[in-house]
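Structure record follows, encoded as structure tokens.
In my numbering, the protein residues as written are 9 to 302.
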């Protein structure tokens with residue numbers, strides 16, 4: 009029998025998968041919005057540690073499954089994969105035909121989430137503002153970075169490993185996607201081509217980098233949550249608000265512009281309606297969560 013908590017996690021995974029389909033939107037954002045971010049970081053940090061590997065090598069499957077919070081990860085991954093396979097075409101179609109509205113909806117989601125996080129983790133001192141400002145500044149800087157041109161020819165294994173690690177860090181940071189980072193460093197087309205051509209060695213090196221990045225960064229975040237939870241949440245809240253520049257609906261060459269400078273029809277009224285819809289969705293989720301305790 010499937011437990012209700014597993015079903016809830018499954019649907020949250022579906023939301024994460026839907027977000028991951030949109031370039032520039034992170035599944036980590038949805039994890040933070042839906043209240044499973046710390047659980048995800050904790051599970052990932054244990055998935056890659058020495059004790060977990062030791063249990064696996066000894067064949068202690070039950071202890072290994074419990075240590076990595078297997079039910080949680082399985083339910084979440086099932087939801088992500090369901091969304092990717094079932095909703096990919098729908099979301100890609102919406103993104104292709106109504107990009108401004110899709111960006112507007114995510115803008116509202118992220119704006120509401122950032123504000124609710126900062127409301128929950130109160131800013132009580134001037135130092136707290138510093139953490140929020142630091143997070144926002146990094147996100148805005150990334151949003152306005154000029155992408156490096158696509159790499160040409162082959163790249164060394166070390167840079168490929170580094171690219172995978174960097175992309176994986178972005179995957180679990182709320183507000184920024186792995187694909188966006190790959191675009192910034194000129195590796196997006198290269199990795200995509202290797203996937204289409206099914207070149208095994210480069211993909212294995214890239215995947216190894218993803219594993220190293222997930223393992224190392226999740227453990228660092230777990231350490232920060234254990235010792236500096238309030239500051240870490242303020243930093244993430246600031247990063248989330250700063251990342252609004254990345255999901256700003258009106259862009260040219262990945263860089264935000266004012267609606268008046270947008271080369272096409274800015275459709276301001278329709279975009280604002282979807283911004284409000286995204287904001288109200290998070291507001292409703294927060295109200296339900298506060299009423300029923302989770």
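C-beta atoms are modelled at their ideal positions from N, C-alpha and C, and glycine is treated no differently.
Hey, would you say residue 229 sits closer than 8 Å to residue 49, going by beta carbons? yes
Cβ neighbour criterion (16 or more within 10 Å) applied to residue 145: exposed
Hey, residue 178 and residue 34 are a contact pair by Cβ (cut 8 Å); roughly how many whole angstroms apart? 7 Å
When DSSP labels each residue in this structure, what does residue 210 get in the three-state scheme? helix
Between residue 54 and residue 79, which are expected to be in contact by the criterion C-beta below 8 Å, what is the C-beta distance as a whole number of angstroms? At roughly 14 Å, the Cβ-Cβ gap does not stay under 8 Å, so residue 54 and residue 79 are not in contact.
Would you call residue 118 buried or exposed, if buried means 16 or more other Cβ atoms sit within 10 Å of its Cβ? buried
Are the beta-carbon atoms of residue 38 and residue 14 separated by less than 8 Å? no
Can you tell me the Cα-Cα spacing of residue 111 and residue 257, whole angstroms? 5 Å
How many whole angstroms separate the CB atoms of residue 122 and residue 245, which I take to be in contact at a CB cut-off of 8 Å? 5 Å
CA nearest to the CA of residue 192, picked from 18, 201, 207, 174: 174
In whole angstroms, what separates the C-alpha of residue 104 from that of residue 227? 37 Å
Between the beta-carbon of residue 56 and the beta-carbon of residue 172, is there less than 8 Å? no
Residue 25 and residue 181: beta carbons closer than 8 Å? no
For residue 69, is the classification buried or exposed, using 16 other Cβ atoms within 10 angstroms of its Cβ as the cut-off for buried? exposed
For residue 291 versus residue 109, is the C-beta spacing smaller than 8 Å? no
Where the alpha helix (DSSP H) containing residue 143 begins and where it ends: 134 to 152
Straight-line gap, residue 129 to residue 184 (C-alpha atoms, nearest Å): 21 Å
Say the cut is 7 Å; is the CB of residue 95 nearer than that to a heavy atom of the ligand ADP? No copy of the ligand ADP occurs in the structure displayed, which carries no ligand at all.
Of all the options 289, 214, 210, which has the alpha carbon lying nearest to the alpha carbon of residue 186? 214
Assigned secondary structure, residue 301 (DSSP; H/G/I helix, E/B strand, else coil): Unreliable placement is indicated for residue 301, whose pLDDT of 49 sits below 50; no coordinate value is reported for it.
Could you have a look at residue 13 and say whether DSSP puts it in helix, strand or coil? helix
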